[in-house]
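A.B. asks: Pasting in a structure now, in structure tokens, and then I'll have a few things to ask.
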Amino acid sequence: METITIAYWFSFGKGTMEVFDVHLDAGSLELQRNIPDNLPDWTNLDFYQCPNCPLDVEEHPFCPVAANLVNIVNRFGSLLSYNETHLIVTTKERVISQDTTVQRAVGSLMGLIIATCGCPHTLYFKPMARFHLPLANNQETIYRAASMYLLAQYFLKKEGKEVDFDLKGLAEIYHNIQLVNYTIAQRLRAATKTDSVINALVELDIFAQTLSLVIEDSLEDLHSLFAPYLNKIG
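Position in the sequence shown (from 1) plus 67 gives the number in the working numbering.
Shown next as structure tokens:
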């Protein structure tokens, strides 16, 4: 089985370091070897279960998002969101490094994990996870999300299926993500006494709220970049 590995290195000075190796199945893009053997109660599916969750407790006793966030909570639960860290992210293709806050660095890692954890509402982001961009800003994420969704429409059209070039489906995806983020935040408040992990999720949620409400306006800001296509003659 071929595996894609994305490593997050967090350096806190004085030699303190945390390393997270995220292993993805190259075919399914599902997370591998990320869930601890003993899971806390806040990961139970019926503990603040999302109102839009399609999973059944009998078949899925644990929330896939929560279960895959346990290691992050255990290792970052004592830090404050504004603590500084030097982040290095390594993939097979490149190395990315930046000085940033724990909140932003953990949020980037959480976004990758949530997209690939097996949650029915987050699996749409697997293509973005395959081409993961650590610490992406809002405009970069808007571009990536819209490009991903429109490429999906291209494949749907090739298969003779109904397509959505108005991006209404993308807005719906992000609306569902808001509900997931809200209930996961409730779980995290039960799991940790500090704010680093919770605020990392809040930062992700702010973007989800923004995109679902103003997606057309956000894309209009990118309109001028496509002048060579729009003004093409012949």
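The beta carbon of each residue, even a glycine, is placed where N, CA and C say it ideally should be.
Predicted model, so just to flag it, every value in this text is computed and none were measured.
(1) Quick one: measure Cβ to Cβ for residue 285 and residue 150, integer angstroms, because I've assumed they're closer than 8 angstroms.
(2) Tell me whether the region 157-172 and the region 123-130 touch, counting them as touching only if at least three CB pairs, one residue from each stretch, are closer than 8 angstroms.
(3) Using C-beta distances below 7 angstroms, list every residue in its chain close to residue 135, excluding the 5 sequence neighbours before and after it, in chain order.
(4) Which runs of the alpha helix (DSSP H) at least 4 residues long sit entirely within the region 205-278? Give them in chain order.
(5) Just to confirm, are residue 140 and residue 255 a CB contact at a threshold of 9 angstroms?
(6) Quick check: the Cα distance between residue 249 and residue 162, rounded to an integer number of angstroms?
(7) Excluding the 5 residues preceding and the 5 following residue 142 in the sequence, name in chain order all residues of the same chain whose CB lies nearer than 7 angstroms to its CB.
(8) Could you tell me if residue 199 is buried or exposed, where buried requires 16 or more neighbouring beta carbons within 10 angstroms of its beta carbon?
(9) Let me know the secondary structure DSSP gives residue 136 once reduced to three states.
(10) Once the 5 residues before and after residue 197 are set aside, which same chain residues still bring their CB inside 7 angstroms of it?
(11) Which term fits residue 243, buried or exposed, when burial requires 16 or more other beta carbons within 10 angstroms of its beta carbon?
(12) Taking C-beta to C-beta, are residue 154 and residue 172 nearer than 9 angstroms?
C.D. replies: According to the structure shown:
(1) Wrong, their Cβ atoms sit about 30 angstroms apart, outside the cutoff.
(2) no
(3) 98, 101, 102, 180 and 184
(4) 205-225 and 235-258
(5) yes
(6) 32 angstroms
(7) 85
(8) buried
(9) helix
(10) 96
(11) buried
(12) yes
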